[in-house]
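Worksheet: one structure, shown below.
In this note's numbering, the protein residues as written are 1 to 226.
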């Protein structure tokens, strides 16, 4: 199972999400060049990844974003299935600062992530989210990005002090935290680097291989003892 909620409910071994930290490597990209290519020159990018379902806190993010008076800050939402329908729900006052991108292939993910100044994962605490760890958390960690997320499920344990944690369902707290991160770039950079270091040490693909090997060996030994 991928998190402690499922482990407590069903038992079994805990095998968290893992990522190939060589593919998701920030050193492979020049963020300024990629920003220029994408039309975000001299902009700060707040990024949300994944299908924007209610339990993922997209409404909280949009409400929080509306509270921030910063014309240089753009919100990029990646993973929207119906762009036109989604745009109808965005307040007119910020619509010109919101970029909607449909689903992208995994091989394009690192490049898109490279332009983000902050990755936001505003999970709500619901029946859909308490047994879920967002895979995008590990993507953002591997890419050494400043991460703003909520205290839901195992997120605090996975991220620890390597990012910014707030309470779920709190748009005002979300807005305040975004402004804080943008005004403390050195601190945010250090947290991003710490997140990548932790990802390489604990959530790299090699860790999954070792854990699976150990688990299989334990199962084989138990079977032989019967």
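Note that beta-carbon positions come from the ideal geometry of N, C-alpha and C, so glycine has one too.
Helix, strand or coil at residue 107 [DSSP, three-state]: helix
Just the Cα atoms here: how many angstroms apart are residue 203 and residue 196? Those two C-alpha atoms are separated by around 10 Å.
Nearest to residue 77 by alpha carbon, out of 141, 51 and 96? 51
Determine which residues share a DSSP beta bridge with residue 19 and list them. 204
Using CA atoms only, rank isn't needed, just tell me which of 128, 147 and 198 is closest to residue 54. Of the candidates 128, 147 and 198, the one whose C-alpha sits nearest the C-alpha of residue 54 is 128.
Shortest alpha-carbon distance to residue 175 belongs to which of 64, 161, 102 and 188? 64
If you follow the beta strand (DSSP E) that residue 141 is in, where does it begin and where does it stop? Not the beta strand (DSSP E): residue 141 falls in the alpha helix (DSSP H), residues 135–142.
Could you tell me the alpha carbon to alpha carbon distance between residue 192 and residue 167, rounded to whole angstroms? 20 Å
Range covered by the beta strand (DSSP E) that runs through residue 68: Counting along the chain, residue 68 falls outside any beta strand (DSSP E), and DSSP gives it neither H nor E.
Counterpart residues of residue 229 in DSSP-defined beta bridges: As displayed, the chain neither begins before 1 nor continues past 226, which places residue 229 out of reach and without an answer.
With a CB to CB cut of under 6 Å and the five nearest residues on each side skipped, what residues in its chain are close to residue 117? 44 and 45
Considering residue 165, what are the terminal residues of the beta strand (DSSP E) in which it resides? Here the beta strand (DSSP E) through residue 165 covers 164–166.
Which residues in the same chain have their Cβ closer than 7 Å to the Cβ of residue 109, if we skip the five residues on either side of it in sequence? 139
Could you pull out every residue in the same chain whose Cβ sits closer than 8 Å to the Cβ of residue 58, ignoring the five residues on either side in sequence? 48, 52, 77 and 122
Boundaries of the alpha helix (DSSP H) in which residue 34 is found, first to last residue: Taken as a continuous stretch (DSSP letters only), the alpha helix (DSSP H) holding residue 34 covers 31–38.
What are the start and end residues of the alpha helix (DSSP H) that includes residue 148? First-last for residue 148: 147–150, but that is the beta strand (DSSP E), not the alpha helix (DSSP H).
DSSP bridge partner residues for residue 120 (one or two, in chain order): Residue 120 pairs with 148.
Residue 20 to residue 205, Cα distance in whole Å? 5 Å
Applying the 10 Å Cβ sphere with the 16-neighbour rule, what's the burial state of residue 124? buried
So, helix, strand or coil for residue 94, using DSSP? coil
Could you pull the start and end residues of the alpha helix (DSSP H) that residue 176 belongs to? 171–183
Taking residue 114 and residue 31 to be in contact with their CB atoms under 8 Å, please state how far apart those CB atoms are, rounded to whole angstroms. 5 Å
For residue 66, which option in 177, 93, 80 and 40 has the closest C-alpha, if you only look at C-alpha atoms? 93
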